[in-house]
Amino acid sequence: MLTRADLHRLDSDDALAPMRARFALPDGVIYLDGNSLGPLPAATPARLRTVIAEQWGNGLIRSWNDAGWIDLPGRIGDKIARLLGAPPATVIVADSTTLNVTKALGAALALRPDRRAVLMETAGFPTDAYAAHSLLTLMGQGHELRLVAPEAVAASIGPEVACVLLSHVDYRTGRLHDLASVTASAHAHGALAIWDLAHSAGAMPIGLAASRADFAVGCGYKFLNGGPGAPSFLYVAERWLDAVRFPLAGWLGHAAPFAFEPSYRPAPGIAAAQLGTPPVLSLAALEVGIDLALGADLAAVRAKSERLGDLLIALVEQECAGGGLTLLSPREAARRGSHISFTHAQAWPIMQALIARGVIGDVRAPDILRFGLTPLTLSYAQLWQAVAVLAEILREAHWREPAYQTRHKVT
Ligand SMILES: *Cc1c(COP(=O)(O)O)cnc(C)c1O
6 MLTRADLHRL
16 DSDDALAPMR
26 ARFALPDGVI
36 YLDGNSLGPL
46 PAATPARLRT
56 VIAEQWGNGL
66 IRSWNDAGWI
76 DLPGRIGDKI
86 ARLLGAPPAT
96 VIVADSTTLN
106 VTKALGAALA
116 LRPDRRAVLM
126 ETAGFPTDAY
136 AAHSLLTLMG
146 QGHELRLVAP
156 EAVAASIGPE
166 VACVLLSHVD
176 YRTGRLHDLA
186 SVTASAHAHG
196 ALAIWDLAHS
206 AGAMPIGLAA
216 SRADFAVGCG
226 YKFLNGGPGA
236 PSFLYVAERW
246 LDAVRFPLAG
256 WLGHAAPFAF
266 EPSYRPAPGI
276 AAAQLGTPPV
286 LSLAALEVGI
296 DLALGADLAA
306 VRAKSERLGD
316 LLIALVEQEC
326 AGGGLTLLSP
336 REAARRGSHI
346 SFTHAQAWPI
356 MQALIARGVI
366 GDVRAPDILR
376 FGLTPLTLSY
386 AQLWQAVAVL
396 AEILREAHWR
406 EPAYQTRHKV
416 T
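Residue numbers for the sequence shown follow the numbering used here, beginning at 6 and rising by one.
Here it is as structure tokens:
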């Protein structure tokens, strides 16, 4: 039997507790959605004010050089590389994750020209499959997109598979792939491995280079706290950097953008993955989020995330027994990422009732209540409080109120 006092005790021993003050979270909110939109770092508004007023306002176009705007994608890429466990000059910040999936996949296929299959998961994040499908159609070379169940991935890699394209952490269930072992299975069959780290970058040590992953992509606005629509990152293993050719080209990826040459010559290394002009304001905000993440020990972040997850499951089972919630995430902490999902037939109105009471998580269709655990901001006491609110909503059937039935555009 867990008590409120047990959770308060964990807070007093929490080495990450001081990180909370470095974020600007509103009072009265328990934020369980940092896996979808990371909270605002306290230092971001001032940084943006400087970039806008001084660098843009006073510096004007000179700031591309004087304020180093042009180097932001590579400079922040190097910082993300540290978070991922990758060497410098292997990560660039550019575009959206959707576009980086497209770029990584095209590059991987060009490295395996004799193979015609791309292996993905049936339940993967849809944009990755949409992007892959559209690229394969555009290429018109008869590539096949093969979708299999997550547990069948390793056994489905045959000699015709050019690459696997997988989410490290499943956005719905939170199930975590063993990145190194699936990559090794791909390599054993001559295939490449592309990883979508949207739900793991910044949430756990990844050891990306050591895992031998070939390509990786991820979001800037989830556990990296870069803000809504923050640009994405793309990683290419060092051993591929000389050979890699991206399927899309733009002037910022040219070897000499300001030579304005009539034909394309790729820049050396990861810089060739850039297309157009970098979004400076978004990059400035992203850098603040990354710097915050770099200031925390990722092993401690992961340890707290695992503990928060274990406690959330235990508390829900203790306090919400008979409430109709079914655990969807793996029970074993080592097999999941940093969010916990439950299914419930009334998932939508229950979540609306939670949000109305300041407990913010989200819903994934059709019936999934998803709770992101952000170790940098979440306290154990808040976890207790969140479950107490959930238990009351279920016990009193507050979710039946008409106000909670309306569907929104964004869930
Ligand atoms: C959030 C998420 C994305 C989002 O892609 P955008 O292009 O940034 O909108 C892609 N893949 C996965 C696995 C995600 O979780």
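Ideal placement from N, C-alpha and C gives every residue a C-beta, glycine not left out.
| Asked | Found |
| --- | --- |
| Near cysteine 325, which residues of its chain fall below 8 Å by C-beta distance, leaving aside the five closest residues on each side in sequence? | Val392, Leu395, Ala396 and Leu399 |
| With a threshold of 7 Å on Cβ separation, who are the neighbours of proline 380 within its own chain once the five nearest residues in sequence on each side are excluded? | Leu21, Val306, Lys309, Ser310 and Leu313 |
| Going by C-alpha to C-alpha distance, which of Ala191, Ala113 and Pro46 sits closest to proline 164? | Ala191 |
| Using only the alpha-carbon positions, how far apart do valine 222 and alanine 277 sit? | 15 Å |
| Looking at ligand 1, does it come within less than 7 Å of aspartate 201, judged from the CB to the closest heavy atom? | yes |
| Name the residue from Phe130, Ala122, His148 and Val158 whose alpha carbon lies nearest to the alpha carbon of valine 166. | Ala122 |
| Spell out the partners DSSP gives serine 205 in its beta bridges. | Note: serine 205 sits in no beta bridge, so no partner. |
| Compute the Euclidean distance between the alpha carbons of alanine 203 and isoleucine 355, then round it to the nearest angstrom. | 26 Å |
| Going by beta carbon distance, what residues of the same chain come within less than 8 Å of arginine 340, once the five residues before and after it are set aside? | Arg180 and Leu181 |
| So, is tyrosine 36 buried or exposed, given that buried needs 16 or more other C-beta atoms within 10 angstroms? | buried |
| Would you tell me roughly how many angstroms separate the C-alpha atoms of glycine 231 and alanine 298, rounded to the nearest one? | 10 Å |
| Pick out the complete beta strand (DSSP E) segments inside the region 19–107, 3 residues or longer, and give them in chain order. | 96–98 |
| What do you get for proline 46, buried or exposed, if any count of 16 or more other CB atoms within 10 angstroms of its CB means buried? | buried |
| Cα-Cα, which of Asp247, Leu88 and Asp32 is closest to serine 205? | Leu88 |
| Cutting at 8 Å between CB atoms, please list the residues of its own chain near alanine 319, excluding the five before and the five after it. | Leu7 |
| Taking 7 Å as the cut-off, is the C-beta of threonine 127 nearer than that to any heavy atom in ligand 1? | no |
| Assuming threonine 142 is part of the alpha helix (DSSP H), what are its boundary residues? | 131–144 |
| Given a threshold of 16 other Cβ atoms within 10 Å of its Cβ, counted over all protein chains shown, does proline 92 qualify as buried or as exposed? | exposed |
| Among Ala358, Gly43 and Val415, which residue has its Cα nearest to the Cα of proline 407? | Ala358 |
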